[in-house]
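Working notes, beginning with the structure itself.
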Amino acid sequence: MRSWDPRIEEMPKEDLRKMQYKLLKSLVYRLYSFSPFYHERMREQNVHPDDIKELSDVNRLPFMFKRDLRDNYPDKIFTSTQEELVRYHVSSGTTGKPTVVGYTQNDLDSWTTSLARALTSLGLGRGDVIQVSYGYGLFTGGLGLHYGAERIGATVLPTSVGNTERQIELMQDLGATAIACTPSYLLHIGEVAEKMGVDIKKDTKLRTGVLGAEPWTDRMRTRIEDWLGIKAYDIYGTSELSGPMFTECTEQKGFHIWSDLALVEIIDPGTGESLESGEKGELTITMLQKEALPMIRYRIGDITMMDDDVCACGRTHPRIQRIQGRVDDMLIIRGINVFPSQVEYALMGIPEVGQHFQIVVERKGALDDMLVRVELSKGSFSDKITDIMKVRQKVEHRLRNSLNVNVNVELVEPGSLPRFEGKAKRVIDKRSL
Amino acid sequence: MFWDKKAETLKPDELRELQLKRLKKTLIQVQNVDFYRKLLSGAGVKVSSVKTLDDIRKIPFTKKQDLRNGYPFGFFAVPLKKIVRIHTTSGTTGKPTVVGYTRKDLDAWSDLIARNMTMVGVGENDVFQNMVNYGMFTGGLGFHYGAEKIGMTVIPSATGNTKRQIEMIKDFGVTTIHCTPSYAMHLSEIAEEMNMSLESLRTGIFGAEPWSESVRQTLEKRLGVTAYDSYGLSELFGPGVAFECPERDGLHIWHDCFYVEIIDPKTGERVSDGERGELVVTPLVKEAMPLLRYRTGDITFLIEDGCLCRRGQKIARITGRSDDMLVIRGINVFPSQIEHVLLKIPEVGNQFMVYIDRINHLDEMTVEVEINREFFSGELADLARLQKKVVKELHDALELRTTVKLVEPGSLPRFEGKAKRVIDRREAV
Chain Z
43 MRSWDPRIEE
53 MPKEDLRKMQ
63 YKLLKSLVYR
73 LYSFSPFYHE
83 RMREQNVHPD
93 DIKELSDVNR
103 LPFMFKRDLR
113 DNYPDKIFTS
123 TQEELVRYHV
133 SSGTTGKPTV
143 VGYTQNDLDS
153 WTTSLARALT
163 SLGLGRGDVI
173 QVSYGYGLFT
183 GGLGLHYGAE
193 RIGATVLPTS
203 VGNTERQIEL
213 MQDLGATAIA
223 CTPSYLLHIG
233 EVAEKMGVDI
243 KKDTKLRTGV
253 LGAEPWTDRM
263 RTRIEDWLGI
273 KAYDIYGTSE
283 LSGPMFTECT
293 EQKGFHIWSD
303 LALVEIIDPG
313 TGESLESGEK
323 GELTITMLQK
333 EALPMIRYRI
343 GDITMMDDDV
353 CACGRTHPRI
363 QRIQGRVDDM
373 LIIRGINVFP
383 SQVEYALMGI
393 PEVGQHFQIV
403 VERKGALDDM
413 LVRVELSKGS
423 FSDKITDIMK
433 VRQKVEHRLR
443 NSLNVNVNVE
453 LVEPGSLPRF
463 EGKAKRVIDK
473 RSL
Chain C
256 MFWDKKAETL
266 KPDELRELQL
276 KRLKKTLIQV
286 QNVDFYRKLL
296 SGAGVKVSSV
306 KTLDDIRKIP
316 FTKKQDLRNG
326 YPFGFFAVPL
336 KKIVRIHTTS
346 GTTGKPTVVG
356 YTRKDLDAWS
366 DLIARNMTMV
376 GVGENDVFQN
386 MVNYGMFTGG
396 LGFHYGAEKI
406 GMTVIPSATG
416 NTKRQIEMIK
426 DFGVTTIHCT
436 PSYAMHLSEI
446 AEEMNMSLES
456 LRTGIFGAEP
466 WSESVRQTLE
476 KRLGVTAYDS
486 YGLSELFGPG
496 VAFECPERDG
506 LHIWHDCFYV
516 EIIDPKTGER
526 VSDGERGELV
536 VTPLVKEAMP
546 LLRYRTGDIT
556 FLIEDGCLCR
566 RGQKIARITG
576 RSDDMLVIRG
586 INVFPSQIEH
596 VLLKIPEVGN
606 QFMVYIDRIN
616 HLDEMTVEVE
626 INREFFSGEL
636 ADLARLQKKV
646 VKELHDALEL
656 RTTVKLVEPG
666 SLPRFEGKAK
676 RVIDRREAV
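Protein sequence lines correspond, in order, to chains Z and C. Per this note's numbering, the first sequence starts with residue 43, numbered consecutively. Per this note's numbering, the second sequence starts with residue 256, numbered consecutively.
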């Protein structure tokens, strides 16, 4: 597979690290001198830019958290002037004040470059028609993918979200070869297409899905790929890093994190200690070239592990495994940690089960009670109580085995659970209400 | 202030020379489009037979219906590989009109917006909140790219959530906004309700629907802005075709990029300067989708007097349409689209009426339609379901929320002559 920028993407690891060290060093000097926020943080941590003598000294620097952005609303951490700023994105956030991200022209360029490399690594380019069905506007998904797809010379179809029937018509009529959206929206598109009598496999040219903004599992991937006849790739990022930035390559073995843009660490979320390649922990990212809103050791809250071996695709940049869940999404059920993605993974291994589920957690008396509502797949919907009972027992059994916690299961009719155009909301935690 | 002083202030003879050169290039470019090869040979027009700009009159007009017949790619003059963007706009019935752009087109388009924005004195120190739809609608991405080009700080807020829009204006010190004039009215009222003064605002760019001088005065007073009118349509890139300068007495149309004619919509003959008629435009720099003598349907006239700013001849603000197109909340709606949607639903009859009102400064469309007893049971639950279905079908086709009222068969007016199914009850804005 051709690279967008082979000189950078296939650079020997040793040279990459040297480049990272140089970039880190100048970043730290710049922020120590010009950012009151980082200056103070470094002083508190008792670290001076001169202390950064090699790349691994990054772990002497202070962490940054999402709450730091909220506490400094809207732009107190920004290190650019109004003339230099060319864009704001705002993420609503689930709690409290929104998070504001500012961009200089260079920031937009790096973001777009990152996606140009990523989309090229999926085999997309000139001649492709890319339907961008992420929301446009303040959300970074739409404009991010839009700029990336435009950079590689593809034809961009900026459909944004909503009006699903029109989306399917345009996909067919204008010959879209790729779609970028959330995996839940693609599931919805697939179902609506079936209702319209459109077989995405046969009646459209769609062959690539770039799916992200929420965690999804390999088993969901298999289902989507088989059902719609496409290759489904995961895309990763968050507005604090600029937006969606990194994808898997055609090997589908984790996200390539471009070393010239981002320095990745995996840490133990409890102690903050750095972990080795292959150990699971919390992703921490230092953005090496970001100007308007610099990010040092930003704790995104996603759980993953690093793989620093050279990829079969020839790219030397380290990969992180697909996200298994967010620290924030983790449910603690009777003391046991449960990620919604584990539930998805277990369910998608059961052929009688459809694509949609919902998790409801309540406190009954002193005990947590977890209910999983599961849609049956169309073929296995039956009127016979005994059949239903059998499937229910099977699902309960599988979930208990993989989660180590007792789960109540309720089987529901295909099509009865809510569908989503943007990020899915599959967990209802009534304990926190 | 000029973005491209040379292009914006060409002397009349230089301009004519450039227009003729670009017209000839366009005539060569359209040879890649079947429709135009046939149209030109049918009219006996060869590239070599166009010797002066006046010879353009030998070429027949292109109408929106022609574009629709070319769905989806019939009007593309370059291979799909060279197309980097597609927008669609609502057609008169059913399928949308597709417009395509090469990279050069996108650049030319954002350059026009850059000219407009620079003309009204905004630039890299300004914070710009773009409160129109992004996505397939050209208003959002069009202004977004132009504002980015001149180095403004862009907040791509899109539409909706008016309170949050107001909070952002305050929190980010927004100086410049872009939206429809009716949304600006709505915004100013909500701001008053919230007791928020929007002191940072200085410039308001309003377009996508016609608006009057009295609305201008109201908006300027309530929002504390200088208000500018913006004109464009997707077939001619999108917004940016014409724009007011600080004189605010007519709109500068970019003559180096658009050849302008004003015609009598009935006879197709040109009217003289200062006389009202339909705007017909031949874009001179479009690559992906060149058009010849495109009938915009918009009624205006060429202003005879030159402008103090030296940017060439202006057109008057748009005062109406030569066809029955309605502009509702900035969205173009043809009555034929509504009919097309309703006729697809067997449970409703062929008789319908459309009422358009302005409630709290926002346009509201109400559709009354008769039930078809042959296909409809009369159960109450079915009635609610049918009503929802009609609302959804209309929304999918028009991208517009409407109120639907189902009525008894035979209760709507019948027409003996030309039906008048659309009653626009809005007062002139």
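Note that beta-carbon positions come from the ideal geometry of N, C-alpha and C, so glycine has one too. Note that the structure is predicted; figures quoted are calculated from it, not measured.
Below 8 angstroms on C-beta distance, what does residue i contact in chain Z?
i, result
"Ala413 of chain C", "Tyr178, Gly179, Leu180"
"Val409 of chain C", "Val128, Arg129, Tyr130"
"Glu313 of chain C", "The amino acid at residue 313 of chain C is misidentified as Glu; the sequence shows Lys. Those within 8 angstroms of Lys313 of chain C in chain Z number zero; the least Cβ separation is about 34 angstroms."
"Glu654 of chain C", "Asn205"
"Tyr389 of chain C", "Tyr178, Gly179, Gly184, Leu185, Pro200, Ser202"
When you compare only the Cα positions, how much space is there between residue i and residue j?
i, j, result
"Asn446 of chain Z", "Ile378 of chain Z", "8 angstroms"
"Gly271 of chain Z", "Met213 of chain Z", "14 angstroms"
"Thr317 of chain C", "Leu308 of chain C", "18 angstroms"
"Thr658 of chain C", "Thr621 of chain C", "5 angstroms"
"Gly144 of chain Z", "Ser122 of chain Z", "9 angstroms"
"Met372 of chain C", "Gln62 of chain Z", "40 angstroms"
"Val234 of chain Z", "Arg503 of chain C", "49 angstroms"
"Met84 of chain Z", "Leu66 of chain Z", "14 angstroms"
"Ser365 of chain C", "Gly165 of chain Z", "29 angstroms"
"Met580 of chain C", "Glu454 of chain C", "37 angstroms"
"Asp511 of chain C", "Gly401 of chain C", "18 angstroms"
"Ile614 of chain C", "Arg656 of chain C", "14 angstroms"
"Arg434 of chain Z", "Tyr130 of chain Z", "48 angstroms"
"Leu103 of chain Z", "Thr352 of chain C", "55 angstroms"
"Val100 of chain Z", "Leu69 of chain Z", "11 angstroms"
"Phe120 of chain Z", "Pro336 of chain Z", "7 angstroms"
"Leu453 of chain Z", "Ile231 of chain Z", "23 angstroms"
"Lys313 of chain C", "Arg548 of chain C", "10 angstroms"
"Val240 of chain Z", "His433 of chain C", "39 angstroms"
"Val174 of chain Z", "Thr246 of chain Z", "16 angstroms"
"Thr292 of chain Z", "Glu267 of chain Z", "14 angstroms"
"Lys231 of chain C", "Ser527 of chain C", "Outside the shown range of chain C (256 to 684) lies residue 231 of chain C, about which nothing can therefore be said."
At 7 angstroms on the CB atoms, spell out the chain C contacts of residue i, in chain order.
i, result
"Arg112 of chain Z", "Per Cβ cutoff of 7 angstroms: no residues; Arg112 of chain Z is ~13 angstroms from chain C at best."
"Arg208 of chain Z", "Asp651"
"Thr162 of chain Z", "None at all; the shortest Cβ gap to chain C is about 15 angstroms."
Can you round the beta-carbon distance between residue i and residue j to whole angstroms, since I take them to be within the 8 angstroms contact cut?
i, j, result
"Leu185 of chain Z", "Pro411 of chain C", "6 angstroms"
"Gln384 of chain Z", "Ile470 of chain Z", "The Cβ separation is near 17 angstroms, so there is no contact."
"Val285 of chain C", "Pro545 of chain C", "5 angstroms"
"Leu661 of chain C", "Ile626 of chain C", "5 angstroms"
"Pro382 of chain Z", "Arg468 of chain Z", "6 angstroms"
"Ala497 of chain C", "Leu474 of chain C", "Contact doesn't hold; Cβ gap of about 19 angstroms is too wide."
"Leu248 of chain Z", "Ile221 of chain Z", "6 angstroms"
"Met106 of chain Z", "Ile338 of chain Z", "6 angstroms"
"Glu464 of chain C", "Ser437 of chain C", "7 angstroms"
"Arg340 of chain C", "Leu361 of chain C", "6 angstroms"
"Phe630 of chain C", "Glu602 of chain C", "5 angstroms"
"Glu623 of chain C", "Leu667 of chain C", "6 angstroms"
"Ser443 of chain C", "Arg477 of chain C", "4 angstroms"
Per DSSP, residue i forms a beta bridge with which residues?
i, result
"Phe513 of chain C", "C:Pro538"
"Asn379 of chain Z", "Z:Ile374"
"Asn385 of chain C", "C:His433"
"Ile327 of chain Z", "Z:Val306, Z:Tyr340"
"Val603 of chain C", "C:Ile626"
"Ile470 of chain Z", "Z:Val402"
"Met106 of chain Z", "Z:Tyr340"
For residue i, which residues in chain Z fall below 7 angstroms Cβ to Cβ?
i, result
"Ile338 of chain C", "Thr197"
"Asp426 of chain C", "Pro116"
"Leu396 of chain C", "Pro200"
Are the C-beta of residue i and some C-beta of chain D separated by less than 9 angstroms?
i, result
"Glu125 of chain Z", "Given the protein chain composition of this structure (Z and C), no chain D is represented."
Using the beta-carbon of each residue, which ones in chain Z are nearer than 9 angstroms to residue i?
i, result
"Leu211 of chain C", "Here chain C covers residues 256 to 684 and nothing more, so residue 211 of chain C does not appear."
Self-check item: the segment 252-260 of chain Z / the segment 271-286 of chain Z touching (three or more Cβ pairs under 8 angstroms)
Solution: Flag = yes, the segment 252-260 of chain Z and the segment 271-286 of chain Z touch.
Exercise. Count the CB pairs spanning the segment 300-316 of chain Z and the segment 152-165 of chain Z that are closer than 8 angstroms, and state whether there are at least three.
Key: Under the three-pair Cβ rule at 8 angstroms, the segment 300-316 of chain Z counts as touching the segment 152-165 of chain Z.
Quiz item: Is the number of C-beta pairs between the segment 541-556 of chain C and the segment 564-581 of chain C that are closer than 8 angstroms three or more?
Solution: The way I'd put it, the segment 541-556 of chain C does touch the segment 564-581 of chain C; three or more beta-carbon pairs between them come closer than 8 angstroms.
Quiz item: Quick check: the segment 341-349 of chain Z against the segment 316-328 of chain Z, are there 3 or more CB pairs under 8 angstroms?
Solution: Contact between the segment 341-349 of chain Z and the segment 316-328 of chain Z is present, because at least three Cβ pairs lie under 8 angstroms.
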